[in-house]
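Following: one structure in structure tokens, then a few remarks.
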Amino acid sequence: MIADQCVYVHCDLVSGSPTIVAVHVDDMTLCAQTDTELSQLKGELASKLKVIDLEELTQILGIEVQRDNSNGSIQFLQVSYITYMLKSVGMSN
């Protein structure tokens with residue numbers, strides 16, 4: 000397992016498939032290549048911790064997350080933060 004403060008990465012020895020767990024305070028974001036790997040990880044965590052599954056990620060740390068399954072892309076947007084910052088300096092229009 001490779002770790003960077005609050006991001007943990009595990010690569011399956013057989014498939015080489017990475018599983019990523021990002022932790023911030025009392026929230027976790029889980030990433031896996033397949034639904035099966037994700038379900039397995041969720042099950043392992045739930046057997047040791049009290050877990051509430053909020054389903055697909057839509058926002059993390061104020062950043063909006065948009066997935067496009069048709070082309071496999073993920074976008075991270077900060078429109079809310081930018082709007083807030085512009086309003087704070089009187090540039091809302």
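Each residue of the sequence shown is one higher than the one before, counting from 0 in numbering that gives the first Met the number 0. Just so it is clear, CB atoms sit at the ideal spot from N, CA and C, and this is done for glycine as well.
Would you mind sorting A45 into buried or exposed? The rule is 16 or more other CB atoms within 10 Å of its CB. Mapped onto the sequence shown, residue 45 falls at position 46. Answer is exposed; the Cβ neighbour count stays below 16.
Assigned secondary structure, L85 (DSSP; H/G/I helix, E/B strand, else coil): Walking along the sequence shown from the start, residue 85 turns up at place 86. Residue state, collapsed to three classes: helix.
Using the C-alpha atoms, what's the distance from K49 back to L132? The structure shown does not extend to residue 132, since the chain is modelled only from 0 to 92, so the question has no answer here.
Which of the three DSSP states is assigned to L12 in this structure? One-based indexing of the sequence shown puts residue 12 at position 13. L12 falls in the coil class under three-state DSSP.
In the DSSP assignment, what are the bridge partners of Q65? To locate residue 65, count along the sequence shown from 1; it is residue 66. In DSSP, Q65 forms a bridge with Q74.
According to the neighbour-count rule (16 or more other Cβ atoms, all chains shown, within 10 Å of its Cβ), is T82 buried or exposed? To locate residue 82, count along the sequence shown from 1; it is residue 83. Exposed, because fewer than 16 other Cβ atoms sit within 10 Å of the Cβ of T82.
Outcome for D18 when other beta-carbon atoms lying within 10 angstroms are tallied against a minimum of 16: Residue 18 sits at position 19 when you count from the first residue of the sequence shown. Sequence check: residue 18 is Thr here, not Asp. The residue in question, T18, is buried, as its Cβ has 16 or more Cβ neighbours within 10 Å.
Output needed for L56: all residues of its chain with C-beta closer than 7 Å, excluding positions within five of it in sequence on either side, in chain order. Reading the sequence shown from its first residue, position 57 is the one you call residue 56. Within the same chain, L56 has close Cβ partners T28, V64.
Among residues of its own chain, excluding the 5 on either side of E36, which ones have a beta-carbon nearer than 7 Å to its beta-carbon? Working through the sequence shown from its first residue, we reach residue 36 at position 37. Once the five neighbours on either side are set aside, the close Cβ partners of E36 are S16, T18.
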